[in-house]
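Asks: The structure is given below, and queries will be raised subsequently.
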Amino acid sequence: MIKIGSKFITSTLFFLSLVANSKEIVKNYKDLGIPYQLVVESYESDIIVSEDKITILANKGTDLYTNSDGSSSTDNAPRVFFEPKSDFTFSAKVTADFTTSYDGGALFIYADTDKWGKLLFERFKTGDNGIASTVTHLTGDDAYHYLIENNEIYLKIVRKNNAFTFLYSKDGELWSYLRSFSLVSPKAVKVGFIAQSPISQTHKVVYSNILFEE
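Position 154 of the sequence shown, counting from 1, maps to 199 under the numbering used here, and the rest follow consecutively.
Shown next, in the form of structure tokens:
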């Protein structure tokens, strides 16, 4: 199910129409600050797009993951994304209702199922909340970065040519570096919001304070 403002969209036909006419989302919800058409892929989870935030309620079994030898992968996490045309800075405040290990909300970049990067606010297996990242080029490169005491954090992606940088902030003002990497693909690179719930029945993530600059 998708909800745009006060309108719920459940029909597959209506959903395809929404994607085809998704510039209307930007027009009607300009406070999101994204000057490109938004595409919504729900994977049967619930997504709500309002004037100043995006809410994703990921269902059980959803994830974007590739293990370190490439033998196993999952690519069914609900997402909202767009295709920027040049270098950019993209950030958002991520608020997560963690309940179970591997619950998470992320900013992500995505060329295809074999090439993508995910900057993730996650409930670790230890029960702590923290920041992790994965960069996938056929195989996954996972990294655990910092523990976070509460259930919200600011995340940022910066692109310059084919180089991407992940950063985080506790207040949205002072940013700390996490990692840099390259992502080269003949396909257009998509950028956006994604949520996962590999184990929980559902996991809610809210993205607010969204900023995008080219």
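Just so it is clear, CB atoms sit at the ideal spot from N, CA and C, and this is done for glycine as well.
Would you mind reading off the limits of the beta strand (DSSP E) that contains tryptophan 161?
Replies: 160 to 168 is the span of the beta strand (DSSP E), which, as asked, contains tryptophan 161.
Asks: If we ignore side chains and look at the alpha-carbon of each, how far apart do phenylalanine 209 and serine 178 end up?
Replies: 12 Å
Asks: How many Å lie between histidine 190 and arginine 168 at the Cα?
Replies: 13 Å
Asks: Measuring straight from C-alpha to C-alpha, what distance separates glutamate 197 and serine 221?
Replies: 16 Å
Asks: Would you decide whether leucine 192 is buried or exposed? Buried here means 16 or more other CB atoms lie within 10 Å of its CB.
Replies: Taking a 10 Å sphere around the C-beta of leucine 192, we find fewer than 16 other C-beta atoms and assign the residue as exposed.
Asks: Please determine if the stretch 138 to 146 and the stretch 245 to 252 are in contact, where contact requires at least 3 C-beta pairs separated by less than 8 Å.
Replies: With the rule of 3 Cβ pairs closer than 8 Å, the stretch 138 to 146 counts as touching the stretch 245 to 252.
Asks: Following the continuous beta strand (DSSP E) through threonine 145, name the residue where it begins and the one where it ends.
Replies: No beta strand (DSSP E) holds threonine 145; DSSP gives it neither H nor E.
Asks: Can you say whether valine 236 is buried or exposed, counting buried as having 16 or more other CB atoms within 10 angstroms of its CB?
Replies: buried
Asks: Roughly how many angstroms separate the alpha carbons of glutamate 89 and leucine 212, rounded to a whole number?
Replies: 30 Å
Asks: Skipping 5 residues on each side, what residues in its chain have a beta carbon closer than 8 Å to that of alanine 156?
Replies: The answer, listed in chain order, is Leu228, Ser230, Lys232, Ala233, Val234 and Lys235.
Asks: So which of Asn207, Asp216, Glu218 and Ser214 has the shortest CA-CA distance to phenylalanine 226?
Replies: Asn207
Asks: Alpha carbons only, please: which of Leu83, Val125 and Glu259 is nearest the one belonging to isoleucine 101?
Replies: Val125
Asks: Who does serine 214 pair with in a DSSP beta bridge?
Replies: When beta bridges are read from the DSSP output, serine 214 appears opposite Tyr199.
Asks: Return the first residue and the last residue of the beta strand (DSSP E) that aspartate 120 is part of.
Replies: 118 to 120
Asks: Output yes or no for whether 9 Å exceeds the beta carbon distance between glycine 78 and phenylalanine 257.
Replies: yes
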